[in-house]
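Colleague:
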Amino acid sequence: STTTTASAAIAIADIPVRLLRQDNAGPGSATTRGMAALSTPFIATLDADDLWLPTKIELQLAHLERSPRTAGVFAHARNFRQDRPDLPEAGTTPGWFRTTMVIRREVAEAVGPIVDPPGGRGEMIDWIARAREAGFVLDMLDEVLALRRIRPGSLSYGRDARDRGYLEVVRAAMLRRAQNRPGSG
10 STTTTASAAI AIADIPVRLL RQDNAGPGSA TTRGMAALST PFIATLDADD LWLPTKIELQ
70 LAHLERSPRT AGVFAHARNF RQDRPDLPEA GTTPGWFRTT MVIRREVAEA VGPIVDPPGG
130 RGEMIDWIAR AREAGFVLDM LDEVLALRRI RPGSLSYGRD ARDRGYLEVV RAAMLRRAQN
190 RPGSG
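For the sequence shown, the numbering used here begins at 10 and goes up steadily by one.
1) Helix, strand or coil for Met110? Go by DSSP, reduced to three states.
2) Do Ile66 and Ala86 have their C-beta atoms within less than 8 Å of each other?
3) Could you check where the alpha helix (DSSP H) with Thr40 kicks off and where it finishes?
4) Mind reading off the beta-carbon distance from Leu195 to Leu154? Whole number of angstroms is fine, and I expect it under 8 Å.
5) For Ala20, I'd like the list of residues in its chain whose CB is within less than 6 Å of its CB, leaving aside the five on either flank, ordered along the chain.
6) What does the Cβ neighbour count give for Gly121, buried or exposed, with the cut at 16 atoms within 10 Å?
7) Out of Phe51, Gly43, Ser38, which one is the CA nearest neighbour of Arg27?
8) How many Å lie between Val124 and Arg75 at the Cα?
9) Check the DSSP bridge columns for Trp61 and list the partner residues they point to.
10) Short check: CB of Thr64 to CB of Ala84, under 8 Å?
11) What residue from Asp58, Val82, Val111 has the CA that sits closest to Asn88's CA?
12) Relative to the C-alpha of Arg190, which candidate in Gln31, Asp56, Ala18, Glu142 has its C-alpha closest?
13) Can you give me the start and stop residues for the beta strand (DSSP E) that Arg87 sits inside?
14) How far does the beta strand (DSSP E) with Ala53 in it reach, from first residue to last?
15) Rounded to whole angstroms, what's the CA-CA distance from Val111 to Trp136? Just pull it up for me.
16) In the DSSP assignment, find the unbroken alpha helix (DSSP H) run with Asp141 in it and report its ends.
17) Apply the 10 Å Cβ neighbour rule to Thr13 and answer buried if 16 or more other Cβ atoms are within range, or exposed otherwise.
18) Who are Asp148's beta bridge partners in DSSP?
19) Among the residues of its own chain, which have a CB less than 7 Å from the CB of Val116, if the five just before and after it don't count?
Next comes the structure, spelled out in C-alpha cells:
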C-alpha cells in the first residue's frame with residue numbers, strides 16, 4: 010500500500026500484527042510472500058481496495074469443515090465505484106480472485122507461488138488453473154461475501170494493454186496441458 014493505513018491499523022489492533030514490507034513486485038508476489046509468512050491452517054487474503062462482508066470468514070470456514078475434500082472456497086462479489094459500496098456497478102459475479110479466497114495451507118504450499126504475468130492481470134486465473142490441474146477441488150459459494158472496489162488506477166479498472174497478462178496466462182496453461190498429455194515429451 011502507498012498509504013499509512015497499515016501503520017494506523019497496527020496502532021489500534023488488539024491482537025499481535027506483523028507488517029511485511031517489500032518493493033512493489035505485483036499483487037501475486039505480495040500474496041505469495043504473505044502466505045509464506047503464515048503458520049495458520051487456513052489462508053485468506055484481502056486486496057487493499059476491497060471489503061469483506063461480516064460473515065465471510067465464518068461461512069467459508071464452515072464450508073471447509075463440512076467439505077474436507079475441498080481445498081479452497083471462493084464466494085460471489087459485487088463491484089462498486091466511487092467509494093459507495095451501497096451503489097452496485099453491476100450484478101454479482103463469481104469471485105475467482107484473491108479477496109474472496111480461503112484456502113488450506115497445504116494447497117498454497119503444493120500449488121506454489123502466485124506468478125504476476127506481464128501487465129499485472131491474470132495471476133489468480135493462472136494459480137487457480139494450476140490448483141485444478143494438480144487435482145485440488147475449489148468451491149464457489151453462492152453468497153455475496155465481498156465487495157470489490159473499482160477505481161481509476163486499480164488493476165481491475167478499464168480494459169487496456171494490461172489485458173495481455175490474461176493472454177500470457179492462457180498460453181502458459183495451454184503449454185502445461187500439452188506437456189502433460191500422454192506421449193508428449
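Built from N, CA and C at the ideal position, the CB exists for glycine as well.
Fair warning: this is a prediction, and the values are worked out from it, not measured in the lab.
Modeller: In short:
1) By one-based count along the sequence shown, residue 110 stands at place 101. Residue state, collapsed to three classes: coil.
2) Residue 66 sits at position 57 when you count from the first residue of the sequence shown. Residue 86 sits at position 77 when you count from the first residue of the sequence shown. In this structure, Ala86 does not lie closer than 8 Å to Ile66 by Cβ.
3) On the sequence shown, position 31 is the one that residue 40 refers to. Segment 36-45, the alpha helix (DSSP H) holding Thr40.
4) Absent from the model: residue 195. The displayed extent of the chain is 10 to 194, so no value can be given.
5) Along the sequence shown, read from residue 1 onward, the residue named residue 20 stands at position 11. Nothing meets the Cβ criterion.
6) Here residue 121 refers to the residue found at position 112 of the sequence shown. Exposed.
7) Reading the sequence shown from its first residue, position 18 is the one you call residue 27. When only C-alpha atoms are compared, the closest one is Gly43.
8) As a first step, residue 124 is located in the sequence shown; it is residue number 115 there, counting from the start. As a first step, residue 75 is located in the sequence shown; it is residue number 66 there, counting from the start. Rounded to the nearest angstrom, the two C-alpha atoms are 30 Å apart.
9) Position 52 of the sequence shown, counted from the first residue, corresponds to residue 61. Its beta-bridge partners are Ala155.
10) For the purposes of this step, residue 64 is taken as residue 55 along the sequence shown, with counting starting at 1. For the purposes of this step, residue 84 is taken as residue 75 along the sequence shown, with counting starting at 1. Taking 8 Å as the Cβ cut-off, Thr64 and Ala84 do not qualify as a contacting pair.
11) By 1-based counting over the sequence shown, the position of residue 88 is 79. Looking at the Cα atoms, Asp58 is the closest of the given residues.
12) Position 181 of the sequence shown, counted from the start, is the residue given in the question as residue 190. That would be Glu142, whose Cα lies nearest to the Cα of Arg190.
13) Start at 1 with the first residue of the sequence shown, and residue 87 comes out as number 78. From DSSP, the beta strand (DSSP E) with Arg87 extends over 79-89.
14) As a first step, residue 53 must be located in the sequence shown, where it is residue number 44. Unbroken beta strand (DSSP E) run through Ala53: 51-53.
15) Numbered from its first residue, the sequence shown carries residue 111 at position 102. Numbered from its first residue, the sequence shown carries residue 136 at position 127. Roughly 14 Å between the two C-alpha positions.
16) In the sequence shown, the residue the question calls residue 141 occupies position 132. The sequence as given places Arg at residue 141; Asp does not occur at that position. From DSSP, the alpha helix (DSSP H) with Arg141 extends over 132-142.
17) Working through the sequence shown from its first residue, we reach residue 13 at position 4. Flag for Thr13 reads exposed.
18) For the purposes of this step, residue 148 is taken as the residue at position 139 of the sequence shown. Its beta-bridge partners are Val82.
19) Working through the sequence shown from its first residue, we reach residue 116 at position 107. These residues qualify, in order along the chain: Ala80, Gly81, Ala140, Phe145.
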